[in-house]
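Enquirer:
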Amino acid sequence: MKEIKLSKSVRAHGDELYVLELREPTGKDVRELGFPYTASGDAGVKMDAGVIAKYISRLAGVPPSSVDEMQPSDLNTISWEIVGFFLGSSAPDNS
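Going left to right, the sequence shown walks through residues 1 to 95 as full-length UniProt numbering numbers them.
#1: Spell out the partners DSSP gives residue 29 in its beta bridges.
#2: Please report the straight-line C-alpha distance between residue 46 and residue 13, rounded to a whole angstrom.
#3: Rounded to the nearest angstrom, how far is the Cβ of residue 64 from that of residue 52, given a contact under 8 Å?
#4: Quick check on the DSSP output: the alpha helix (DSSP H) that includes residue 3 runs from which residue to which?
#5: Just list the residues that DSSP pairs residue 16 with in beta bridges.
#6: Check residue 51 in the structure and name its three-state DSSP category.
#7: Excluding five sequence neighbours on each side, which residues of the same chain lie with their C-beta closer than 6 Å to the C-beta of residue 5?
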């Protein structure tokens, strides 16, 4: 599990959350949601915000409405954490 502190809390299931815990994705998650990024021609990565939002909801166990409340900076941090599950050590360190 990866723990991510949010810069601004979000509401989920009637609670105010200041930290999200992301479990690692499974093969079933990937089959159902797809990969959260595509590789670009210059060896870069293009993240898919829609797919990443679904991963955040599923891996953190929060409703999509909670993801919609998140600050862009928190979404960016969590996006790289999720992509890091797939790319391993080749993902940039944005902490």
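From the three backbone atoms N, C-alpha and C, an ideal C-beta is built for every residue, glycine too.
Expert: The short version:
#1: Under DSSP, residue 29 takes part in no beta bridge, so it has no partner.
#2: In a straight line, the C-alpha of residue 46 is about 31 Å away from that of residue 13.
#3: Not really, about 12 Å apart at Cβ, beyond 8 Å.
#4: Careful: residue 3 lies outside any alpha helix (DSSP H), inside the beta strand (DSSP E) at 2–12.
#5: 11
#6: helix
#7: Within the same chain, 19 come within 6 Å of residue 5 by CB-CB distance, once the 5 residues on both sides are set aside.
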